[in-house]
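Numbering (this note's numbering), first residue to last: 28 to 185. Below is one structure, written out as structure tokens; the observations come after it.
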């Protein structure tokens with residue numbers, strides 16, 4: 028799911044972070060992020076960060092020099108690091124095409140557009156695909172790009 032991909036890319040950028048902050052940054056419900064974190068922990072792509080304090084050099088999204096932990100922080104495991112490093116244009120194309128028919132073209136059109144209407148003119152998105160984009164949390168009910176989609180696209184650096 029794209030939420031799993033988001034958590035991995037967020038942690039790649041942030042170094043370490045906690046679920047509530049990932050939910051806040053992405054605009055997704057905390058339960059969705061917690062489910063993805065649980066799945067990724069289970070398969071070994073992320074791990075809990077030990078210790079009681081964290082320095083900004085390690086947690087790049089933090090503003091303070093050092094923060095005492097009040098949450099469970101996560102980081103990429105070695106396997107997670109290697110996996111995220113392996114994500115390239117070809118992998119993304121296969122991934123998005125597996126989510127949606129002609130998904131790579133549609134997702135790129137959405138990323139380059141203001142909203143679903145403009146993306147529709149570029150890529151010819153039918154109603155069924157638009158509904159799928161809503162389910163994937165890529166667009167809102169009104170057809171605007173979600174904060175989640177914008178962040179995911181930014182973190183993927185496509």
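We put the CB at the ideal spot given by N, CA and C, even for glycine.
Go through its chain and collect everything with a Cβ distance to residue i's Cβ below 8 Å, but skip five positions before and after it.
i, result
"residue 161", "167, 168"
"residue 57", "46, 47, 50"
Taking the alpha carbon of residue i as the point to measure from, which residue in the options has its own alpha carbon closest?
i, options, result
"residue 139", "171, 36, 39", "171"
"residue 127", "62, 35, 152", "152"
"residue 54", "182, 39, 174", "174"
"residue 62", "34, 156, 52, 157", "34"
How many angstroms separate the CA atom of residue i from the CA atom of residue j?
i, j, result
"residue 230", "residue 146", "The structure shown does not extend to residue 230, since the chain is modelled only from 28 through 185, so no value can be given for it."
"residue 76", "residue 154", "43 Å"
"residue 159", "residue 43", "31 Å"
"residue 118", "residue 99", "30 Å"
"residue 141", "residue 115", "25 Å"
"residue 108", "residue 41", "13 Å"
"residue 111", "residue 136", "23 Å"
"residue 178", "residue 129", "22 Å"
"residue 106", "residue 143", "36 Å"
"residue 165", "residue 176", "5 Å"
Check residue i in the structure and name its three-state DSSP category.
i, result
"residue 155", "helix"
"residue 73", "strand"
"residue 35", "helix"
"residue 62", "helix"
"residue 185", "With a pLDDT of 49 at residue 185, under the threshold of 50, the modelled position of this residue cannot be trusted; read the value that follows with caution. Residue 185 falls in the coil class under three-state DSSP."
"residue 68", "helix"
"residue 103", "strand"
"residue 141", "coil"
"residue 161", "helix"
"residue 47", "helix"
Within a Cβ cutoff of 6 Å, which residues of the same chain sit near residue i, ignoring the five residues on either side of it in sequence?
i, result
"residue 131", "120, 123, 124"
"residue 60", "46, 49, 50"
"residue 30", "59, 63"
Suppose the cutoff is 7 Å on Cβ atoms and the five residues either side in sequence are ignored; what does the same chain contact list for residue i look like?
i, result
"residue 180", "138"
"residue 71", "104, 106"
"residue 38", "44, 73, 101, 102, 103"
Does residue i come within less than 8 Å of chain C when only Cβ atoms are used?
i, result
"residue 39", "Among the chains in the structure shown there is no chain C, since it carries only a single protein chain."
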